[in-house]
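Novice:
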Amino acid sequence: MKLFACQRCHQILFFESVACTRCGATLAYLEDRRVVAAIAPAMNGAWTLVAPDGTPGPGADTYRLCQNSTDHEVCNWAIPAASAADSPYCLPCRLNHVIPDLSDDAAKRGWHRLEIAKRRVVYTLLDLGLPVEPRDEARPHGLGFDFLKEGNGTPKVFTGHSDGLITINVAEADDPFREKMRVQMGESYRTVLGHFRHEIGHYYWDRLINDSPDLAAFRDKFGDEQASYEQARQRHYDNGPPADWPARHVSAYASMHPWEDWAETWAHYLHIVDTLQTARAYGLELRPRPVADRPAPKVAAGQLDMRDFDDLMEGWVPLTLAMNGLNRSMGIADSYPFVLSEAAADKLRFVHRVVRGPRVQSIGRQ
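The sequence shown begins at 0 in numbering that gives the first Met the number 0 and counts up one residue at a time.
#1: Under a Cβ-count criterion, where at least 16 other Cβ atoms within 10 Å of its own Cβ denotes burial, should K117 be classed as buried or exposed?
#2: H197 and E132: beta carbons closer than 8 angstroms?
#3: So the alpha helix (DSSP H) W244 belongs to, where does it begin and stop?
#4: Between which two residues does the alpha helix (DSSP H) carrying L318 extend?
#5: Please classify Y281: does DSSP put it in a helix, a strand, or coil?
#6: Going by beta-carbon coordinates alone, are C89 and I98 separated by less than 8 angstroms?
#7: Taking only three categories from DSSP, how would you classify V182?
#8: Does the stretch 78–87 come close enough to the stretch 60–70 that 3 or more CB-CB pairs lie under 8 angstroms?
#9: In terms of residue numbering, what span does the beta strand (DSSP E) encompassing R32 cover?
#10: Go through its chain and collect everything with a Cβ distance to W76's Cβ below 6 angstroms, but skip five positions before and after it.
#11: What's the gap between the Cα of N326 and the Cα of N43?
#12: Determine, using beta-carbon pairs with one atom in the stretch 103–115 and one in the stretch 169–186, whether at least three such pairs fall under 8 angstroms.
#13: How big is the Cα-Cα spacing for H235 and G23?
#14: What first and last residue would you give for the beta strand (DSSP E) that runs through G193?
#15: One question on the structure: do F308 and H351 come within less than 8 angstroms of each other, judged by their Cβ atoms?
#16: What first and last residue would you give for the beta strand (DSSP E) that runs through G143?
#17: Classify K148: buried if its beta carbon has 16 or more other beta carbons within 10 angstroms, exposed otherwise.
#18: Are Y202 and G159 touching if we call contact CB-CB under 8 angstroms?
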């Protein structure tokens, strides 16, 4: 994630910010400019960029807040006023297929948290130049989200992916529920953002790997995805992961089936590029002192080449050690509780090549 600042008072802003904590300006993420900026009301419900003195900027473009901002306060994106006639929703919100019952306050709060994570994922996908296309009549296999909540006799909700439609259990936005599931599933890491990154990995397997020239290379590294998924799933939950999974996979769950191996590896790749981009935006440099007469690796995030996989790995490993060390100093769990084996790193390299290099998208059916 890049660094944003209020053009009115220069306060550092977060991607999710809706109001500047220093000058109080209203903020929005401008979809066309890809920045979080201070905005001011204009004519007919529109908004415009503000000048440093807080007045509307002369000749500035006008914007409309996403409909989910004006109606439900769950979105902080704004779209150019000229394009609002086509749809009053921003791109991430146009991906919504089903949203929860908003008369349920708990469901609405959960949906808000899900939307925050979804927008961050969409930001990263666009930054990587990946196709993000809402499903509609013209694109029945485009990307869509069902946010479902259990209760009142409704069927049990399972988070998952099917042909471009990603289902997320709204309960995953509840910290106690998610932690309970993490412990029950024997996972070291379970976050809302992680769910999105994992499930969208399945979507991009369909878009970028299935029936593409990369399919043979995928099978060479991840295995044959034609193996029965149901049998693999049953075996995983009956017997657990193989004892040697750390030598071959990024996580225990990745050992279940080649599709899950891909989705977990994809999610980790998004973890890496987003976190390193944030470190670079803050100008982070790590200069550890030598330990046991051995120099520790130095990392200058601003010098990382995000298109060079070896550069990413050389920056990622010491950064995770520093992040985990800081977390432990605060008495909280490691932010990245994983150790990447050589085989897992090689799979990450494959994902990097598919994402960053020339690719042929498997989109004939769309």
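Virtual Cβ for every residue (Gly too), placed ideally from N, Cα, C. Computed from a predicted model, the values in this text were never measured in an experiment.
Specialist: If we stick to the structure as given:
#1: Counting from one through the sequence shown, the residue named residue 117 turns up at place 118. Residue environment analysis places K117 among the buried positions, since at least 16 neighbouring C-beta atoms fall within 10 angstroms of its C-beta.
#2: Counted from its first residue, the sequence shown places residue 197 at position 198. Counted from its first residue, the sequence shown places residue 132 at position 133. Against a cut-off of 8 angstroms, the Cβ pair of E132 and H197 comes out as no contact.
#3: In the sequence shown, counting from the first residue as 1, residue 244 sits at position 245. Element bounds for W244: n/a, residue is neither H nor E.
#4: The sequence position of residue 318 within the sequence shown is 319, counting from 1. It spans F308 to S328 - the alpha helix (DSSP H) in which L318 sits, taken as one unbroken run.
#5: Taking the sequence shown and counting its residues from 1, the one referred to as residue 281 is at position 282. Of the three classes helix, strand and coil, the one that applies to Y281 here is coil, per DSSP.
#6: Taking the sequence shown and counting its residues from 1, the one referred to as residue 89 is at position 90. Taking the sequence shown and counting its residues from 1, the one referred to as residue 98 is at position 99. Going by C-beta atoms, C89 is not nearer than 8 angstroms to I98.
#7: Position 183 of the sequence shown, counted from the first residue, corresponds to residue 182. Shown here, V182 sits in a helix according to DSSP, grouped into three states.
#8: Contact check between the stretch 60–70 and the stretch 78–87: three or more CB pairs, one atom from each, fall below 8 angstroms, which counts as touching.
#9: Here residue 32 refers to the residue found at position 33 of the sequence shown. Looking at the DSSP string, R32 is not in any beta strand (DSSP E), and its letter there is neither H nor E.
#10: Against the sequence shown, residue 76 aligns to sequence position 77. Contacts found: Y28, E30, C65 and C89.
#11: The residue you call residue 326 lines up with position 327 of the sequence shown. The residue you call residue 43 lines up with position 44 of the sequence shown. One C-alpha to the other measures close to 48 angstroms.
#12: Short answer: they touch.
#13: Taking the sequence shown and counting its residues from 1, the one referred to as residue 235 is at position 236. Taking the sequence shown and counting its residues from 1, the one referred to as residue 23 is at position 24. Roughly 52 angstroms between the two C-alpha positions.
#14: By 1-based counting over the sequence shown, the position of residue 193 is 194. Per DSSP, G193 lies in no beta strand (DSSP E); the unbroken alpha helix (DSSP H) holding it starts and ends at V191 to L207.
#15: Working through the sequence shown from its first residue, we reach residue 308 at position 309. Working through the sequence shown from its first residue, we reach residue 351 at position 352. Between F308 and H351, the C-beta spacing is below 8 angstroms.
#16: By 1-based counting over the sequence shown, the position of residue 143 is 144. Looking at the DSSP string, the run of the beta strand (DSSP E) that includes G143 is G143 to L147.
#17: The count along the sequence shown starts at 1 and reaches residue 148 at position 149. Burial of K148 is indicated by the presence of at least 16 other C-beta atoms within 10 angstroms of its C-beta.
#18: Stepping through the sequence shown from its first residue, residue 202 is reached at position 203. Stepping through the sequence shown from its first residue, residue 159 is reached at position 160. No. Outside cutoff.
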